[in-house]
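*Asks:*
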Amino acid sequence: MSTFVQEGSGDSFEPWLPRGTMAGPVERPVSVSEAVLHTLFNSSNVSTMDWYQDFDANMGVSSQAPDIAVVALGMVYSVFIMVCGLGNLILAAAIFRYMRLRTTVDTLIGNLALCNSAVAMVCTPFELGYYIVNVGSWHFGAALCSVVNFIKILALNLTSFVLLAIAFERFLVIAKSKKLQRNRNHSLLPLGLVWTAALTLAAPAGHFATTLSLPNSPGTVCGVRWFSHSEETAMAYHISMALLGFVLPVVAQIVLHSFIAFKLLHRQFPGHKNTSHRTMRIKSRRKMTRMLLMFCVYFCCIGPFYVVPMVREVSSEAKEVIDSYASVVYVLEGLASIHGVLNTVVYITFHDAILMTLRRMLRDLRMTLTGQKGNGEALELYGYPRRGTMSKSHGYGQSTHATPISPVSPVNMTFPNCKDEVTCV
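If you count by UniProt numbering, then the sequence shown holds residues 1 to 425, one letter each, in order.
(1) Taking the continuous beta strand (DSSP E) assigned at Gly223, which residues delimit it?
(2) Consult DSSP for Thr349 and reduce its assignment to one of helix, strand or coil.
(3) Classify Thr211 as helix, strand or coil using the three-state DSSP reduction.
(4) Determine the contact status of Ala92 and Ala113, defining contact as a CB-CB distance below 7 Å.
(5) Pick out whichever of Ile109, Asn149, Arg360 has its Cα sitting closest to the Cα of Gly88.
(6) So Asn149 packs on Val224, CB below 8 Å; how close in whole Å?
(7) Helix, strand or coil, according to DSSP, for Ser137 in the structure here?
(8) With C-beta atoms as the reference, is Arg312 less than 7 Å away from Ile302?
(9) Name the residue from Leu144, Ser146, Ile166, Asp364 whose alpha carbon lies nearest to the alpha carbon of Lys287.
(10) Here's a check: name, in chain order, each residue in its chain whose Cβ is nearer than 8 Å to the Cβ of Asp67, leaving out the five neighbours to either side.
(11) Say yes only if the C-beta of Ile322 is nearer than 6 Å to one or more non-hydrogen atoms of the ligand ATP, and no if none qualify.
(12) Is the beta carbon of Thr211 sitting closer than 7 Å to the one on Cys123?
(13) Name the residue from Ala198, Ala318, Leu292, Val105 whose alpha carbon lies nearest to the alpha carbon of Phe259.
(14) Considering only the beta carbon of each residue, do Ile132 and Gly219 sit closer than 7 Å?
(15) Rounded to the nearest angstrom, what separates Pro125 and Ile81 at their Cα positions?
(16) Measure how close the beta-carbons of Thr104 and Ser187 come, nearest whole angstrom, since I'm counting them as under 8 Å.
(17) With 16 other CB atoms within 10 Å as the buried threshold, where does Lys152 fall?
(18) What does the alpha-carbon distance come out to for the pair Phe299 and Phe208?
(19) Near Phe168, which residues of its chain fall below 7 Å by C-beta distance, leaving aside the five closest residues on each side in sequence?
(20) Could you check which residue in Ser117, Trp195, Leu191, Ala202 has the C-alpha nearest to that of Val147?
(21) At 3 residues or longer, and completely inside the stretch 64 to 96: list those beta strand (DSSP E) runs for me, N to C.
(22) My understanding is that Val346 touches Met280, with C-beta atoms under 8 Å, so please give their C-beta distance in whole angstroms.
(23) From the DSSP output, in three-state form, read off Lys176 for me.
(24) List the endpoints of the continuous alpha helix (DSSP H) containing Ile260.
(25) Tell me which same chain residues have a C-beta within less than 8 Å of the C-beta of Arg285, skipping the five on either side of it?
(26) Asn111 by DSSP, collapsed to three states: which one?
(27) Quick one: is Val221 buried, meaning 16 or more other Cβ sit within 10 Å of its Cβ, or exposed?
(28) Pick from Ile174, Ile338, Leu163, Thr344: whose alpha carbon is nearest that of His266?
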């Protein structure tokens, strides 16, 4: 947590507390919450452990937090484990089983769902024990401390870059839909860039995360231990992480979504207006609504996780107000967990193909348990061929076979340039 360990000679090391607490001999035992809070909210300690990183690395818990904050966070964590853990796992299975690599957006969402599911199943149970059961004390070892911090920061960064990649993909489709050549490998480039950026930003949190036993206290805290004593270096690192992981992606998404919304609202279809025009306009606006809702949920839930610590560092008045509330960490952790739940619900609710495949999965499971065999009619009616029936000539966006297509999406027969769901926005 908000502590720094100074290297000693040989293999030994000596716990280091803020200069204010080490000015003279310790006259009484120091509690875990007191030592953590003093280090967390001591401005003279910025050079060794920044307050911003405390939140980012799952730190700063206080036993002085109101009981209602502890109970509320426990309830949020429980819902997060059930909905986000199991729900994202089912969502990823539906995407990769029935619509694997059909669209770049679905592929990105599938990877994000897997990562969020890992956070819910791997990290949240330990955070539940740390924040709720053993308030202020980590009992799971240094290795799990490093793993939990790494996966959590990875998921936050991956969410930012996935939403940015989705917005950029939609921008390319609308701005240059006639020039884009789609194929199955089209999803690999943005997917590789997203994972590379997220892993790069999350690596320091996992590498430097460790546990620390505070002096004169039985508690053990889990946090990030930095080896730099330079205040400028520490501040530069934390601010750069906030800029790269949140501020710049948010600004870019605002610009891209504004362009997309303007184009869709002023879009004119060629020829006479008919039912297919209205259907495509409705589908395009549903996609835009889904992306805007996901962005708003992300901004409202994850934004405070980054913004509150930064505001505290630059404003002394804000620092006094924030420091007076011991439950601020619980609020930020709860919002970050709620984001995973809402993001999953929004994407499933506004994606007709996902709803169709989820119903298909339930039907296949029921038939498997009863010894029956499904025939894939549900997906064929929606425009997706059965699994295993696509030949080489049925490449991405170049289907010429006579697979039944739903009356609600006769796009290939109306617009020659619209060859798949991604291009036909």
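Here a beta-carbon is modelled for each residue, glycine too, at the ideal position from N, C-alpha and C.
Predicted model only: the values in this text are computed from it and were never measured.
*Replies:* Looking at the coordinates:
(1) 220 to 224
(2) helix
(3) strand
(4) yes
(5) For clarity, residue 88 is Asn in the given sequence; the question names Gly instead. Of Ile109, Asn149, Arg360, the residue nearest in Cα terms is Ile109.
(6) 7 Å
(7) coil
(8) no
(9) Ile166
(10) none
(11) Only the bare structure without any ligand can be found here, which leaves the ligand ATP out of the picture.
(12) no
(13) Leu292
(14) no
(15) 8 Å
(16) 4 Å
(17) buried
(18) 28 Å
(19) Leu256
(20) Ala202
(21) none
(22) About 22 Å; that fails the 8 Å criterion.
(23) coil
(24) 248 to 265
(25) Leu264
(26) helix
(27) buried
(28) Ile174
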